[in-house]
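Visitor: Sequential numbering of the sequence shown, starting at 1, is according to the UniProt record's numbering. Quick reminder that beta carbons are idealized off the backbone N, C-alpha and C, glycines included. Before I ask anything, here is the structure I am working with.
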Amino acid sequence: MRVLLYSDLDAESIPGFRKLRTALEADNFRQADVRKIGDNLYRARLNKRDRVLFSLYRHAGETCCLILEYLRNHAYERSRFLAGDAVIDEDKIPRIATPEEADAESLGYLHPTRERFHLLDKILTFDDEQEDIFASPPPLVVVGSAGSGKTALILEKLKEAIGEVLYVSLSSYLVTSARDLYYAHGYDNPDQSVDFLSFQELLESIQVPQGRQVETRDFQAWFQRHRQGSGLSDPHKLYEEIRGVITGPVTEGGWRSREEYLELGVKQSIFPETDRPRVYDLFERYLVFLDEQGLYDPNLVAHDHLALVRPSYDFVVVDEVQDITNVQLYLILHTLREPGQFLLSGDANQIVHPNFFSWASVKSLFFHERGLTGHGEVVRILHANYRNAPLVTALANRILKLKHARFGSVDRESNYLVRSAVEQSGQVQLLENREALKHELDSRTARSTRFAVVVLHPEQKAEARRWFRTPLVFSIQEAKGLEYDSVILYNVISDDAEMFQKIARGVDSEALEREELSYRRAKDKHDKSLEIYKFFINALYVAVTRAVRHVYLVETRLDHPVLKLLQVESLEGELQLEQDDSSLEDWQHEARRLELQGKDEQAQAIREQILEEQPVPWTVLDRAGFEALRDRVLAEGGKKERLELFEYALLHHHRPTLNALAEAGFKPALDAESKAMRQLHRNHFMSYEMKHPTAVFRDTQRYGVDHRTRFGLTPLMIAARLGNATLVEQLIERGADPMLTANNGFTALHFALEQAMLDDAFARQRLAGLYPLLAPASLGVQVDGRLVKLDRRLMETFLLELLQAMFYRHLGPAMVWHQGYTAQDIEAWVARLPDRVLPPRRKRRQYLSSILSKNELRREDRYNRKLFLRLKRGHYALNPALKLRDGSAWIPLHQRFPLEDLDIRRFAETLSPQEARRFGADFLHDHDRWQRDRLDTLRRVLEIDRSGEGANQP
Numbered sequence: 001m002r003v004l005l006y007s008d009l010d011a012e013s014i015p016g017f018r019k020l021r022t023a024l025e026a027d028n029f030r031q032a033d034v035r036k037i038g039d040n041l042y043r044a045r046l047n048k049r050d051r052v053l054f055s056l057y058r059h060a061g062e063t064c065c066l067i068l069e070y071l072r073n074h075a076y077e078r079s080r081f082l083a084g085d086a087v088i089d090e091d092k093i094p095r096i097a098t099p100e101e102a103d104a105e106s107l108g109y110l111h112p113t114r115e116r117f118h119l120l121d122k123i124l125t126f127d128d129e130q131e132d133i134f135a136s137p138p139p140l141v142v143v144g145s146a147g148s149g150k151t152a153l154i155l156e157k158l159k160e161a162i163g164e165v166l167y168v169s170l171s172s173y174l175v176t177s178a179r180d181l182y183y184a185h186g187y188d189n190p191d192q193s194v195d196f197l198s199f200q201e202l203l204e205s206i207q208v209p210q211g212r213q214v215e216t217r218d219f220q221a222w223f224q225r226h227r228q229g230s231g232l233s234d235p236h237k238l239y240e241e242i243r244g245v246i247t248g249p250v251t252e253g254g255w256r257s258r259e260e261y262l263e264l265g266v267k268q269s270i271f272p273e274t275d276r277p278r279v280y281d282l283f284e285r286y287l288v289f290l291d292e293q294g295l296y297d298p299n300l301v302a303h304d305h306l307a308l309v310r311p312s313y314d315f316v317v318v319d320e321v322q323d324i325t326n327v328q329l330y331l332i333l334h335t336l337r338e339p340g341q342f343l344l345s346g347d348a349n350q351i352v353h354p355n356f357f358s359w360a361s362v363k364s365l366f367f368h369e370r371g372l373t374g375h376g377e378v379v380r381i382l383h384a385n386y387r388n389a390p391l392v393t394a395l396a397n398r399i400l401k402l403k404h405a406r407f408g409s410v411d412r413e414s415n416y417l418v419r420s421a422v423e424q425s426g427q428v429q430l431l432e433n434r435e436a437l438k439h440e441l442d443s444r445t446a447r448s449t450r451f452a453v454v455v456l457h458p459e460q461k462a463e464a465r466r467w468f469r470t471p472l473v474f475s476i477q478e479a480k481g482l483e484y485d486s487v488i489l490y491n492v493i494s495d496d497a498e499m500f501q502k503i504a505r506g507v508d509s510e511a512l513e514r515e516e517l518s519y520r521r522a523k524d525k526h527d528k529s530l531e532i533y534k535f536f537i538n539a540l541y542v543a544v545t546r547a548v549r550h551v552y553l554v555e556t557r558l559d560h561p562v563l564k565l566l567q568v569e570s571l572e573g574e575l576q577l578e579q580d581d582s583s584l585e586d587w588q589h590e591a592r593r594l595e596l597q598g599k600d601e602q603a604q605a606i607r608e609q610i611l612e613e614q615p616v617p618w619t620v621l622d623r624a625g626f627e628a629l630r631d632r633v634l635a636e637g638g639k640k641e642r643l644e645l646f647e648y649a650l651l652h653h654h655r656p657t658l659n660a661l662a663e664a665g666f667k668p669a670l671d672a673e674s675k676a677m678r679q680l681h682r683n684h685f686m687s688y689e690m691k692h693p694t695a696v697f698r699d700t701q702r703y704g705v706d707h708r709t710r711f712g713l714t715p716l717m718i719a720a721r722l723g724n725a726t727l728v729e730q731l732i733e734r735g736a737d738p739m740l741t742a743n744n745g746f747t748a749l750h751f752a753l754e755q756a757m758l759d760d761a762f763a764r765q766r767l768a769g770l771y772p773l774l775a776p777a778s779l780g781v782q783v784d785g786r787l788v789k790l791d792r793r794l795m796e797t798f799l800l801e802l803l804q805a806m807f808y809r810h811l812g813p814a815m816v817w818h819q820g821y822t823a824q825d826i827e828a829w830v831a832r833l834p835d836r837v838l839p840p841r842r843k844r845r846q847y848l849s850s851i852l853s854k855n856e857l858r859r860e861d862r863y864n865r866k867l868f869l870r871l872k873r874g875h876y877a878l879n880p881a882l883k884l885r886d887g888s889a890w891i892p893l894h895q896r897f898p899l900e901d902l903d904i905r906r907f908a909e910t911l912s913p914q915e916a917r918r919f920g921a922d923f924l925h926d927h928d929r930w931q932r933d934r935l936d937t938l939r940r941v942l943e944i945d946r947s948g949e950g951a952n953q954p
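Next up, the structure:
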């Protein structure tokens, strides 16, 4: 048996490992005392105390043993790969005598000779090209197609960095996915602190721009209003000129002046000289439009932020750099402490976003900015593809050959072909655009999450939807970054037949038979063919590479020259395609995945067409509805309405309402909270506590997985509050959003944390299963006009979540005494939490106190995130000037968590007369006025005094 070692494992430091390795290589599982302890997870015995964990995989007919981890003293609870899930009793787990008794998983690729493997969410061994890049020092530019393993490679490269590290990409979904891959299986590197930021978040981390970022749809709607009389007809082309040519370069004024723009060379602009004055006229109108609509252009903000950015990172990775403009890249490189400590990754053949990117412009930036790039860049190209089937890859290669034959070499970095490393050959078929064939294709794919339809332009989606009922219909810009098992390209060539005709003009089919692309530039510099047709040829390439296994080209013009050059095989006989229907759970998951990627149109189509979600038949009590109900009930409401108001207030812990109902003599409000809550659960939530919650799933299918109950809670919030981890996991798998908030500002995590603080059994037995499901990967807050992004791994993130969860329970009574949260309070709360949620060292009072004081508003510290305000010695509140993310907007902390809901007056009334006199005569004579004065005082206590005086004085 072949034995491979995890890259982080030091075999020389493991006592007895050589002997154990010899036994495993000889398939002697008895001598190694192999036992199965998890899903494809085995342990072997080194000696009386120590163990190693490994997995078994099969590749090329051979079983391989992949050594993952060394455990001292039977410390299974410290294993990254068990994650504290298992209590191992070695006397009870069965032995595995031979490799044949184990269930080895299949592995797609394994290097034939390399002894080390890497690990993200799955096993990785690098091919020779990848290994060479992995061993190379920065600066590096890694070029590779979709599926070449670029992201996996650069994340493993990222693990080697020491200090403060940045991963940045234009796509927020890619950033989140990369972060989750990076920390898969509990990976931890104490020598680094990594920020995973989208480019928009990077801008916000320097200074949050005013307004909303302009989007393509904003620009297109604006262009349609100014199109008449402009002499221009293509919004995409104009947007690319503005983003890539006028505002994209690094200039002193933020954009090229009219004179600079008109004097550009023929290869520096998409438009001929005669059109440029009209282009610049529209650009000036575009600037007015941004100002009037409260929008911002990221290029313009990047220019402004150059004066604000400070060197703060020791290493930077830029993923999908082809989506980023020069000025954006320039800003990113300004965050480096030392020049040249960066890695760029991308593929210019995938450019469909308007930004006028070229590797030549990037190299030009490097040449002129040696102070940012150090000794220069090293470009490395990945030729292997581990995603697309061979026939799909072959078609993609012919598109690249066509591009090369027609336009010459764009640049050296894009002058390469790809080889597929996938075993299944896949399928590429050309289908005639006939009604019967489209109906047949639609009938077999309409309800499958594995099939998507791609068109070239957004306006062509309507025609595609006439024939294909799937909600998964995308324009090419929307499809970028997605992948599906099978992709239907609907009239991609025929609907733009003239453009593709010009692309094919003069191309000899023999030029597409070469196995390599020779480097040659176009001779005529005035020829703008590439700039004009780049979108179309790149879009075709991107559309094809969205398919993992199967590509179906449905075309009206089967005789189009491009199709002949690409040698796509036309269908003969019947369509060989089995019907594929996905489950409703699969569709719910797909809708959520698309929402996270910003594909709201397709996600909504899934909910309407497949899931057939309906509006809830009840009126949901939002904040305004609750307040109207409260006013009515407290004035004249009957018993039924009083009970509903009481139950709402109980779920949201709305103290003013609970106190008012108690004062009015409403009996349930006078009972113990635990008794009232048990009754509420019996009345409304019994189905959430059942082993098979059929009624809950029925409602999620009927009304959506995130529908709101009468009380404004989502099913996920209720399941979290009740501690049903199995149901929480099932709801999240169906696409439930853990970041949605209730009317009191609580997320599902806050409900779970609150219950853990109130109930020891809940904390010990249930929270460990809930926390990893509900805790977000990161949390963004705005401090002093800047985004502070807190990773889930930080203690500051946990404290921020915990103090929000205890806002209503703790802060009201504490504020009566000018007190807040203390390290002692928090120590008592977290002491009950399982170590899987919070390790013991993070539960100690001294450590908690250090985190509070380190992040206190007035403290001078480079790493101070300014999350807490010190009210007096040892007493803290959340920084009241914090702003929290609310979709694409920001809202003040106390808009989500209103101070009025603390009902400080009612707490103060429980004081003895002697205690009350400490607050003065106002309290004794006029409670209502005292409450108003007290809240005013409280606001002053929590106010941020920019002069630095008085903010911490009670």
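What's the gap between the Cα of Gly326 and the Cα of Glu62?
Guide: One detail in the question is off: residue 326 reads as Asn in this sequence, not Gly. Each residue's alpha carbon lies about 48 Å from the other.
Visitor: Quick one, which of Leu584, Leu333, Gln609, Ala777 has its alpha-carbon nearest Gly374's?
Guide: Leu333
Visitor: Using the DSSP secondary-structure output, state which residues sit across from Ala44 in a beta bridge.
Guide: Val52
Visitor: Name the one or two DSSP bridge partners that Val317 has.
Guide: Answer is Tyr167, Leu343, bridged to Val317.
Visitor: Could you give the DSSP three-state label for His654: helix, strand or coil?
Guide: Coil, per DSSP.
Visitor: Where does Gly211 land, buried or exposed, given buried means 16+ other C-beta within 10 angstroms?
Guide: exposed
Visitor: Buried or exposed for Glu754, please, with buried defined as at least 16 other CB atoms from any protein chain shown within 10 angstroms of its CB.
Guide: Buried, because 16 or more other Cβ atoms sit within 10 Å of the Cβ of Glu754.
Visitor: Looking at the secondary structure, which residues open and close the beta strand (DSSP E) in which Val837 lies?
Guide: Looking at the DSSP string, Val837 is not in any beta strand (DSSP E), and its letter there is neither H nor E.
Visitor: Quick check on DSSP: helix, strand or coil for Lys691?
Guide: coil
Visitor: So what does DSSP say about Ser230, is it helix, strand or coil?
Guide: coil
Visitor: Just the Cα atoms here: how many angstroms apart are Ala178 and Ser171?
Guide: 11 Å
Visitor: Which stretch, first to last residue, makes up the alpha helix (DSSP H) that contains Glu260?
Guide: 258–262
Visitor: Just to confirm the assignment: which complete alpha helix (DSSP H) runs, minimum length 4, are found wholly within the stretch 567–605?
Guide: 584–596, 600–605
Visitor: How should Pro898 be labelled, buried or exposed, when 16 other C-beta atoms within 10 angstroms of its C-beta is the threshold for buried?
Guide: exposed
Visitor: Could you have a look at Glu105 and say whether DSSP puts it in helix, strand or coil?
Guide: strand
Visitor: Have a look at His707, Tyr541, Phe271 and flag the residue whose alpha-carbon is nearest the alpha-carbon of Arg607.
Guide: His707
Visitor: Assuming Ile476 and Ala543 are in contact, meaning their beta carbons sit under 8 Å apart, how far apart are those beta carbons, in whole angstroms?
Guide: Ala543 and Ile476 do touch by the CB rule: their CB atoms are close to 6 Å apart, below 8 Å.
Visitor: Could you check if His692 is buried or exposed, using at least 16 other CB atoms within 10 Å of its CB as the buried criterion?
Guide: exposed
Visitor: Roughly how many angstroms separate the alpha carbons of Ser850 and Gly38, rounded to a whole number?
Guide: 38 Å
Visitor: Give the secondary structure of Thr700 by DSSP, where H, G and I count as helix, E and B as strand, and everything else as coil.
Guide: helix
Visitor: For the stretch 5–20 against the stretch 52–70, are there 3 or more C-beta pairs whose distance is under 8 Å?
Guide: yes
Visitor: Report yes if the CB atom of Pro209 is closer than 8 Å to the CB atom of Gln341, and no otherwise.
Guide: Against a cut-off of 8 Å, the Cβ pair of Gln341 and Pro209 comes out as no contact.
Visitor: Using beta-carbon positions only, say whether Gly769 and Ala725 come within less than 8 Å of one another.
Guide: Contact: yes.
Visitor: So what's Arg842 in DSSP terms, helix, strand or just coil?
Guide: helix
Visitor: Roughly how far, in whole angstroms, is the beta-carbon of His750 from the beta-carbon of Ala828, given that I think they are within contact range, below 8 Å?
Guide: So it is not a contact: roughly 19 Å between Cβ atoms.
Visitor: Taking its Cβ as the centre, do 16 or more other Cβ atoms sit within 10 Å of Ser570, making it buried, or is it exposed?
Guide: exposed
Visitor: Residues in the same chain with beta-carbon distance under 7 Å from Ser361, minus the five sequence neighbours each way, listed in chain order, please.
Guide: Non-local C-beta neighbours of Ser361 in its own chain, meaning closer than 7 Å and more than five positions away in sequence, comprise Asn326, ordered along the chain.
Visitor: Would the stretch 196–210 count as touching the stretch 288–308 if we require 3 or more Cβ pairs under 8 Å?
Guide: yes
Visitor: Which same chain residues, not among the five before or five after Tyr173, have their C-beta less than 8 Å away from its C-beta?
Guide: Gly481, Leu596, Gln597, Gly598
Visitor: Starting from the C-beta of Arg678, find all residues in its chain whose C-beta is less than 7 Å away, skip the five residues before and the five after it, and write them out in chain order.
Guide: none
Visitor: Can at least three beta-carbon pairs, one atom from the stretch 482–492 and one from the stretch 548–556, be found at a separation below 8 Å?
Guide: yes
Visitor: Quick one: what does DSSP say Tyr6 is sitting in, helix, strand or coil?
Guide: strand
Visitor: With a Cβ-Cβ cutoff of 8 Å, do Leu344 and Leu430 count as a contact?
Guide: Going by C-beta atoms, Leu344 is not nearer than 8 Å to Leu430.
Visitor: For Gln207 and Ile162, I'd like the C-alpha separation in whole angstroms.
Guide: 26 Å
Visitor: Going by DSSP, name the residue or residues bridged to Ser778.
Guide: Asp791
Visitor: Count the other C-beta atoms from every protein chain shown that fall within 10 angstroms of the C-beta of Arg918, then say buried if there are 16 or more, exposed otherwise.
Guide: Confidence at Arg918 is low in this model, with a pLDDT of 49, below 50, so the placement of that residue is unreliable and no value is reported for it.
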